[in-house]
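A.B. asks: This structure is in structure tokens; I'll ask about it shortly.
2 protein chains.
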Amino acid sequence: MLRVEVAPDSLFGPENMPYGVFAPPGESFRVGVRLGDMVLDLAALLGDPVFARPDLNAFLATGPARWGAVRARLRELADTALPVEVVHPVRSVRMALPVTIGDYVDFYASIDHATNLGRLFRPDSEPLLPNWRHLPVGYHGRAGTVVVSGTPVIRPQGQRRTDSGAPEFGPSQRLDIEAELGFVVGTGSTLGVPVGVDDFAAHVFGVALVNDWSARDIQAWEYQPLGPFLGKSFATSLSAWVTPLAALEQARVPLPTQEPEPLPYLRGTADHGLDIDLAVSWNGHVVSRPPYARMYWSPAQMLAHLTANGASIRPGDLYASGTISGPEPTQRGSFIELSWGGTEPITVGEETRTFLTDGDDVTITATAPGTAGRRIGLGEVSGRILSARSAP
Amino acid sequence: MLRVEVAPDSLFGPENMPYGVFAPPGESFRVGVRLGDMVLDLAALLGDPVFARPDLNAFLATGPARWGAVRARLRELADTALPVEVVHPVRSVRMALPVTIGDYVDFYASIDHATNLGRLFRPDSEPLLPNWRHLPVGYHGRAGTVVVSGTPVIRPQGQRRTDSGAPEFGPSQRLDIEAELGFVVGTGSTLGVPVGVDDFAAHVFGVALVNDWSARDIQAWEYQPLGPFLGKSFATSLSAWVTPLAALEQARVPLPTQEPEPLPYLRGTADHGLDIDLAVSWNGHVVSRPPYARMYWSPAQMLAHLTANGASIRPGDLYASGTISGPEPTQRGSFIELSWGGTEPITVGEETRTFLTDGDDVTITATAPGTAGRRIGLGEVSGRILSARSAP
Numbered sequence: 001m002l003r004v005e006v007a008p009d010s011l012f013g014p015e016n017m018p019y020g021v022f023a024p025p026g027e028s029f030r031v032g033v034r035l036g037d038m039v040l041d042l043a044a045l046l047g048d049p050v051f052a053r054p055d056l057n058a059f060l061a062t063g064p065a066r067w068g069a070v071r072a073r074l075r076e077l078a079d080t081a082l083p084v085e086v087v088h089p090v091r092s093v094r095m096a097l098p099v100t101i102g103d104y105v106d107f108y109a110s111i112d113h114a115t116n117l118g119r120l121f122r123p124d125s126e127p128l129l130p131n132w133r134h135l136p137v138g139y140h141g142r143a144g145t146v147v148v149s150g151t152p153v154i155r156p157q158g159q160r161r162t163d164s165g166a167p168e169f170g171p172s173q174r175l176d177i178e179a180e181l182g183f184v185v186g187t188g189s190t191l192g193v194p195v196g197v198d199d200f201a202a203h204v205f206g207v208a209l210v211n212d213w214s215a216r217d218i219q220a221w222e223y224q225p226l227g228p229f230l231g232k233s234f235a236t237s238l239s240a241w242v243t244p245l246a247a248l249e250q251a252r253v254p255l256p257t258q259e260p261e262p263l264p265y266l267r268g269t270a271d272h273g274l275d276i277d278l279a280v281s282w283n284g285h286v287v288s289r290p291p292y293a294r295m296y297w298s299p300a301q302m303l304a305h306l307t308a309n310g311a312s313i314r315p316g317d318l319y320a321s322g323t324i325s326g327p328e329p330t331q332r333g334s335f336i337e338l339s340w341g342g343t344e345p346i347t348v349g350e351e352t353r354t355f356l357t358d359g360d361d362v363t364i365t366a367t368a369p370g371t372a373g374r375r376i377g378l379g380e381v382s383g384r385i386l387s388a389r390s391a392p
Numbered sequence: 001m002l003r004v005e006v007a008p009d010s011l012f013g014p015e016n017m018p019y020g021v022f023a024p025p026g027e028s029f030r031v032g033v034r035l036g037d038m039v040l041d042l043a044a045l046l047g048d049p050v051f052a053r054p055d056l057n058a059f060l061a062t063g064p065a066r067w068g069a070v071r072a073r074l075r076e077l078a079d080t081a082l083p084v085e086v087v088h089p090v091r092s093v094r095m096a097l098p099v100t101i102g103d104y105v106d107f108y109a110s111i112d113h114a115t116n117l118g119r120l121f122r123p124d125s126e127p128l129l130p131n132w133r134h135l136p137v138g139y140h141g142r143a144g145t146v147v148v149s150g151t152p153v154i155r156p157q158g159q160r161r162t163d164s165g166a167p168e169f170g171p172s173q174r175l176d177i178e179a180e181l182g183f184v185v186g187t188g189s190t191l192g193v194p195v196g197v198d199d200f201a202a203h204v205f206g207v208a209l210v211n212d213w214s215a216r217d218i219q220a221w222e223y224q225p226l227g228p229f230l231g232k233s234f235a236t237s238l239s240a241w242v243t244p245l246a247a248l249e250q251a252r253v254p255l256p257t258q259e260p261e262p263l264p265y266l267r268g269t270a271d272h273g274l275d276i277d278l279a280v281s282w283n284g285h286v287v288s289r290p291p292y293a294r295m296y297w298s299p300a301q302m303l304a305h306l307t308a309n310g311a312s313i314r315p316g317d318l319y320a321s322g323t324i325s326g327p328e329p330t331q332r333g334s335f336i337e338l339s340w341g342g343t344e345p346i347t348v349g350e351e352t353r354t355f356l357t358d359g360d361d362v363t364i365t366a367t368a369p370g371t372a373g374r375r376i377g378l379g380e381v382s383g384r385i386l387s388a389r390s391a392p
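Residue numbers (the UniProt record's numbering), protein chains in the order written: chain C, 1 to 392; chain W, 1 to 392.
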């Protein structure tokens, strides 16, 4: 038996305990929770086969009562001696995508980001389109190309506009990131029956970090009139750890003022924002600190909107906030904003950058308030850019 | 033992034999092929457990060589007496969605449809946007709300623009269809490795009919700048039968002239169109006959484009052509085109219509050339509109 010692300033103390899918050396993937620098093997610890699978989906489908009961039991066990075979050092295990994602939706919920992109993409018109303050704008992304943190990203090729008017095909020259928060759906819903704002916690299990890699040159040429497609679908990275909503009670903050008042289906009595601080590191240098607390639309409003037309959700669905940018230049969650469309290079250590260069590493981390002045960590989402394949 | 008698003019003779997922009364779903008015239970007939599952995915993943071998064996067996327990009348069985869909992509490949919608949605500018003739425009739809033919469709609610400028929320008043062809991915690909135009038949298993129900008022308000979302995601109907590409050899036709010449990654030596004739019935009255042979972008070009950035595909992925409209008014595949934005009501039997009324039925059917002057059927995709739920 052994007791997991957790440093007082650990971001992964017993009030966090995020879920992930891990494999000990030479063994298969299964569900675990992180405690300090260790991973607890839940199937072995709790004897429940729902945790013996290589994704969280079966556990997610069990619903909030079961999530709460498991969390309470783990809080108890965290203070006790545990069988040595259920404890694995984080550094020794491989991590897989935590969920098998059914549908992936990406929103556009930061007013500062939407304003910045409006200025850059449509310089001659109002930056915010007329619908933006009335609904959380969103679109479907490609679920099959969501990859776990650490997976390298091959620079995508595609069509881009040229000065001649005819497009050319080649490696993206404006490869970017989008620092986002992702929301993992636990329990599904019935086709035809919307999920109300106040039902958020009955359906959403937890929060993860997302990097929605974006090829801005491909996106700019393709996106009219049906939205982003190949400029996004080559890869989206997801953190390996999913922090349950139950760990984020201390992070609840009021939403910023919404003006005009949203329509009734977007209003709820329990709606709130989340005080989560992100940091974007480029080749090891922090270049931005986006504040999630400034997001205009709440996670509950996004879910209510997503389902307002009767669309159903399934365990393992993922929806993301869209790029998180604050009002300050140092709070922008994408490089197209940080470099203002590539016109103002950024200092990255000893070098300068506008968009991503082959070999670059990007790591996004985040923390949130815990109890007694402590903080909890949302892990990280990282990726390195590999050079494009030779032309097909 | 019994021999399946197939009428000489049957659309489901031995040269067709589409695949579907069916359940005999009181039994579970499994894979079958249709022959005349009968369904053959493939797990029972061939003794292969790949067909005992409630979707085609495992069989799709086996690849073209196995698809060909099974088809050849079924062609032989179709002429022989079969054990009575493997044969079920089509009218006695229930049908399920034939595939578990990973990602669903919808294209916009008809030049007549794109031109009509450009005129209706953007009357003051060029109907075709600058990118349209250079790439097959597409976007991701919601895989989790694809339903099998026959599933009722609840009228969606959502936000729509009003004359005051502020939106209102309520049942869609411009509920429409889109008559499309869907392509079912068989074998997957590797992330980072594009699928070339000439690799189409190595990856795509077959063809089905799609009705991409569309709420035009919701869509018009929401779609800038990230494309269609809730105007589409409430339901997409898919035919129960998937016709293998191998049954469509006689339907191959040259593509219409593409001007300007597409970029090299969209050109192939074996690329072709498909001479498939659709018919759209509204409450039992044929209101349109869209010709698939007129589609500008080929199915192989759509797949090459979808993967050109390295996006991977999975068995069971679905991509659809977008609305099929021909150049004649009687060949338009959506009601917004047939009624010209609701301004020119259509005669439907004894009544007139612009958009869908509660209780309306829509059925889309299609046929293609077979050998010796025969035709093969692609089954049907049908749905009835149910009234909206009361406000949430």
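Even glycine gets a Cβ: it sits at the ideal position worked out from N, Cα and C. Small disclaimer: the values here were computed from a predicted structure and weren't measured.
#1: For L274(W) and A251(W), which I take to be in contact (beta-carbon distance under 8 angstroms), what is that distance rounded to the nearest angstrom?
#2: Can you name, in chain order, every residue of its own chain whose Cβ lies under 8 angstroms from the Cβ of P54(C), other than the five neighbours on each side?
#3: Do P315(W) and L60(W) have their CB atoms nearer than 7 angstroms?
#4: Answer with yes or no whether the minimum CB distance from V148(W) to chain C is below 7 angstroms.
#5: Jot down the residue ranges of each uninterrupted alpha helix (DSSP H) in the stretch 265-330 of chain C, minimum 4 residues, whole runs only, in chain order.
#6: Report the residue from G284(C), P262(C), P254(C) whose alpha carbon sits nearest the alpha carbon of H272(C).
#7: Kindly indicate which three-state DSSP category H88(W) falls into: helix, strand or coil?
#8: List in chain order: all unbroken beta strand (DSSP E) runs of 3+ residues lying wholly within the stretch 149-190 of chain C.
#9: Residues of chain C with a CB under 9 angstroms from the CB of L56(W): which are they?
#10: Less than 7 angstroms between CB atoms is the rule here; does F229(C) satisfy it with respect to chain W?
#11: Hey, quick one: how far does the alpha helix (DSSP H) through V70(W) stretch, first residue to last?
#12: Of all the CB atoms in chain C, is at least one closer than 7 angstroms to the CB of G192(W)?
#13: Can you find the residues in the same chain that come closer than 7 angstroms, C-beta to C-beta, to I111(W), ignoring five residues on each side of it along the sequence?
#14: Could you check if E178(C) is buried or exposed, using at least 16 other CB atoms within 10 Å of its CB as the buried criterion?
#15: Since I154(C) meets chain W, which of its residues come closer than 7 angstroms, beta carbon to beta carbon?
#16: Determine the DSSP secondary structure at E380(C), reduced to helix, strand or coil.
#17: If you follow the alpha helix (DSSP H) that G118(C) is in, where does it begin and where does it stop?
#18: Whole angstroms is fine: what's the gap from L191(W)'s alpha carbon to V147(C)'s?
#19: Can at least three beta-carbon pairs, one atom from the stretch 380-390 of chain C and one from the stretch 351-369 of chain C, be found at a separation below 8 angstroms?
#20: Given this structure, state the Cα-to-Cα distance separating A81(W) from S189(C), to the nearest angstrom.
#21: Assuming contact is defined by CB atoms lying nearer than 7 angstroms, are T367(C) and G377(C) in contact in what I supplied?
#22: How about the stretch 230-242 of chain W and the stretch 303-310 of chain C: do they share at least three Cβ pairs that are nearer than 8 angstroms?
#23: Output, in chain order, the set of chain C residues within a Cβ distance shorter than 7 angstroms of V6(W).
#24: Mind pulling the chain C residues with CB within less than 7 angstroms of F234(W)?
#25: With DSSP as the reference, label R94(W) as helix, strand or coil.
#26: Please report the straight-line C-alpha distance between E15(W) and E76(W), rounded to a whole angstrom.
#27: State the Cα-Cα distance for the pair E259(W) and G268(W), rounded to the nearest angstrom.
#28: Do P136(W) and F183(W) count as a contact pair if the criterion is CB distance below 7 angstroms?
#29: Check distances from the C-beta atoms of the stretch 208-229 of chain W to those of chain C and list, in chain order, the residues that come in under 8 angstroms.
#30: As a quick exercise: from S92(W), P127(W), R142(W), pick the residue whose alpha carbon is nearest that of G102(W).
#31: Looking at the unbroken alpha helix (DSSP H) that takes in E337(W), where does it start and where does it end?
#32: Can you find at least 3 beta carbon pairs, one from the stretch 337-353 of chain W and one from the stretch 280-288 of chain W, that sit closer than 8 angstroms?
#33: Just to confirm, is the Cβ distance from S321(C) to A23(C) under 7 angstroms?
#34: Kindly list the residues whose CB is nearer than 7 angstroms to the CB of P369(C), restricted to its own chain and excluding five residues on each side of it in sequence; keep chain order.
#35: Would the beta-carbon of P171(W) fall within 7 angstroms of that of Q157(W)?
C.D. replies: On the basis of the data shown:
#1: Here residue 274(W) is taken as the residue at index 274 of the second sequence, counted from 1. Here residue 251(W) is taken as the residue at index 251 of the second sequence, counted from 1. Between A251(W) and L274(W) the Cβ distance is about 5 angstroms, and since that is below 8 angstroms, they are a contact.
#2: Taking the first sequence and counting its residues from 1, the one referred to as residue 54(C) is at position 54. The answer, listed in chain order, is V21, S28, F29, R30, A96.
#3: Here residue 315(W) refers to the residue found at position 315 when the second sequence is read from its first residue. Here residue 60(W) refers to the residue found at position 60 when the second sequence is read from its first residue. A contact, by the Cβ cut-off of 7 angstroms.
#4: Taking the first residue of the second sequence as 1, we reach residue 148(W) at position 148. Cβ-Cβ to chain C under 7 angstroms: no for V148(W).
#5: 299-307
#6: By 1-based counting over the first sequence, the position of residue 272(C) is 272. The shortest C-alpha separation from H272(C) is found at P254(C).
#7: The residue given as residue 88(W) occupies position 88 in the second sequence. DSSP places H88(W) in strand when its eight states are reduced to three.
#8: 157-160, 168-171, 179-185
#9: Residue numbering aside, residue 56(W) sits at position 56 when the second sequence is read from its first letter. Under the 9 angstroms cutoff, chain C gives no residues; its nearest Cβ is about 17 angstroms from L56(W).
#10: Here residue 229(C) corresponds to residue number 229 of the first sequence, with the count starting at 1. Yes, contact with chain W.
#11: Counted from its first residue, the second sequence places residue 70(W) at position 70. Unbroken alpha helix (DSSP H) run through V70(W): 64-77.
#12: One-based indexing of the second sequence puts residue 192(W) at position 192. Chain C contact via Cβ: present.
#13: On the second sequence, residue 111(W) is found 111 positions in, with the first residue counted as 1. The answer, listed in chain order, is Y296.
#14: Position 178 of the first sequence, counting from 1, holds the residue named residue 178(C). Counting Cβ neighbours within 10 Å, E178(C) comes out buried, since at least 16 surround it.
#15: Along the first sequence, read from residue 1 onward, the residue named residue 154(C) stands at position 154. In chain order: G192, G310.
#16: Residue numbering aside, residue 380(C) sits at position 380 when the first sequence is read from its first letter. Reduced to three states, the DSSP call for E380(C) is strand.
#17: Position 118 of the first sequence, counted from the start, is the residue given in the question as residue 118(C). 111-121 is the extent of the alpha helix (DSSP H) around G118(C).
#18: As a working note, residue 191(W) is residue 191 in the second sequence. As a working note, residue 147(C) is residue 147 in the first sequence. Those two C-alpha atoms are separated by around 10 angstroms.
#19: yes
#20: Position 81 of the second sequence, counting from 1, holds the residue named residue 81(W). Position 189 of the first sequence, counting from 1, holds the residue named residue 189(C). Their Cα atoms are separated by approximately 46 angstroms.
#21: Position 367 of the first sequence, counted from the first residue, corresponds to residue 367(C). Position 377 of the first sequence, counted from the first residue, corresponds to residue 377(C). Yes, these two residues count as a Cβ contact at 7 angstroms.
#22: yes
#23: Taking the second sequence and counting its residues from 1, the one referred to as residue 6(W) is at position 6. Here the premise fails: no neighbours, minimum Cβ distance about 36 angstroms.
#24: Within the second sequence, the letter at position 234 stands for residue 234(W). Chain C residues near F234(W): N309, G310, A311.
#25: On the second sequence, residue 94(W) is found 94 positions in, with the first residue counted as 1. Correct three-state label for R94(W): strand.
#26: Within the second sequence, residue 15(W) is the residue found at index 15, counting from 1. Within the second sequence, residue 76(W) is the residue found at index 76, counting from 1. The straight-line gap from Cα to Cα measures roughly 11 angstroms.
#27: The sequence position of residue 259(W) within the second sequence is 259, counting from 1. The sequence position of residue 268(W) within the second sequence is 268, counting from 1. Taking the straight line from one Cα to the other gives about 16 angstroms.
#28: For the purposes of this step, residue 183(W) is identified with residue 183 of the second sequence, where counting begins at 1. For the purposes of this step, residue 136(W) is identified with residue 136 of the second sequence, where counting begins at 1. In this structure, P136(W) does not lie closer than 7 angstroms to F183(W) by Cβ.
#29: A215, I218, W221, E222, Y223, Q224, P225, L226, G227, P228, F229
#30: Start at 1 with the first residue of the second sequence, and residue 102(W) comes out as number 102. Among S92(W), P127(W), R142(W), the Cα nearest to that of G102(W) belongs to R142(W).
#31: As a working mapping, residue 337(W) is identified with position 337 in the second sequence. Counting along the chain, the alpha helix (DSSP H) containing E337(W) begins and ends at 335-338.
#32: yes
#33: Residue mapping note: residue 321(C) aligns to position 321 of the first sequence, counting from 1. Residue mapping note: residue 23(C) aligns to position 23 of the first sequence, counting from 1. Cβ atoms of S321(C) and A23(C): not closer than 7 angstroms.
#34: Here residue 369(C) corresponds to residue number 369 of the first sequence, with the count starting at 1. So the list reads Q250, A251, D275, R375, once near-sequence residues are dropped.
#35: The sequence position of residue 171(W) within the second sequence is 171, counting from 1. The sequence position of residue 157(W) within the second sequence is 157, counting from 1. Cβ atoms of P171(W) and Q157(W): closer than 7 angstroms.
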